[in-house]
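Converting from the sequence shown to the working numbering requires adding 123 to each position, the first position being numbered 1.
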Amino acid sequence: MITTSNRVAIYPGSFDPFTLGHKLIVDKALMLFDKIVVGLGENVNKRTFMPLERRKDIIRKVYAGDERVETVHYDTLTADFCREHGINFIIRGIRNVGDFEFERNVAQINRKLNSDLETIFLMTPPEYSEISSTIVRDILVHGGDPLQFMPEGVTMDDLR
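In structure tokens, the structure reads:
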């Protein structure tokens, strides 16, 4: 169950799949917040590659035993989900300037939809800035091994 606290943040995304880059952002966010809700939201512009339950299972596997990370699915606006659950902070990862421009616009819209929301941008370390779910999916589709871009403990069976 999601608990309300001023030290809870949501990290929304499709996480299709949850990569090493995503994990690095969650780990950084845990230095700032008591709890991170990894929110698998619905994006009308994306057709998912992996089923929802498999994506949730990977995240839960990566953070098994860590009660500070909770994985949820929601099909509302992130701003509305946050209002409903008393969450005032959104975490977003930034890999490059293009990410920043997009995420800045989303943050401004979320703030207009819910004036209590603040978006916190966390930078991906430069050596991991090329990792994206899109690249991992492409490697998978073409029969490659993407495990070097995945969190420790994730196996090929998790990705199939």
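We treat Cβ as the ideally placed atom computed from N, Cα and C, and that holds for glycine.
Local conformation of A230 per DSSP, three classes: Position 107 of the sequence shown holds residue 230. Three-state DSSP puts A230 in a helix.
K146 - containing beta strand (DSSP E), residue span: For the purposes of this step, residue 146 is taken as residue 23 along the sequence shown, with counting starting at 1. Where K146 is concerned, there is no enclosing beta strand (DSSP E), although the alpha helix (DSSP H) around it starts and stops at 143–152.
8 Å Cβ cutoff met for P140 and V264: Within the sequence shown, numbered from 1, the residue matching residue 140 stands at position 17. Within the sequence shown, numbered from 1, the residue matching residue 264 stands at position 141. Cβ distance not < 8 Å, so P140 and V264 don't count as in contact.
Nearest to I133 (by Cα), restricted to the options S252, M273, Q231, F204: Taking the first residue of the sequence shown as position 1, residue 133 is located at position 10. Residue F204 is the option with its Cα nearest to I133.
Runs of beta strand (DSSP E) lying entirely within the segment 183–258, each at least 3 residues, in chain order: As summarised for the segment 183–258, the continuous beta strand (DSSP E) elements at least 3 residues long and confined to that stretch are 192–196, 212–217, 241–246, given in chain order.
Supposed contact pair G144 and S238 - C-beta distance, whole angstroms, cut 8 Å: For the purposes of this step, residue 238 is taken as residue 115 along the sequence shown, with counting starting at 1. For the purposes of this step, residue 144 is taken as residue 21 along the sequence shown, with counting starting at 1. With 8 Å as the limit, S238 and G144 do not qualify as a contact, their Cβ atoms being about 30 Å apart.
Best match in V220, D180, E190, M246 for proximity to R283 [C-alpha to C-alpha]: For this step, residue 283 is matched to residue 160 along the sequence shown. Looking at the Cα atoms, D180 is the closest of the given residues.
Terminal residues of the beta strand (DSSP E) in which L163 lies: Here the question's residue 163 lines up with position 40 in the sequence shown. Counting along the chain, the beta strand (DSSP E) containing L163 begins and ends at 158–163.
Nearest-angstrom Cα separation, counted from V161 out to L155: The residue given as residue 155 occupies position 32 in the sequence shown. The residue given as residue 161 occupies position 38 in the sequence shown. Whole-angstrom Cα-Cα distance: 15 Å.
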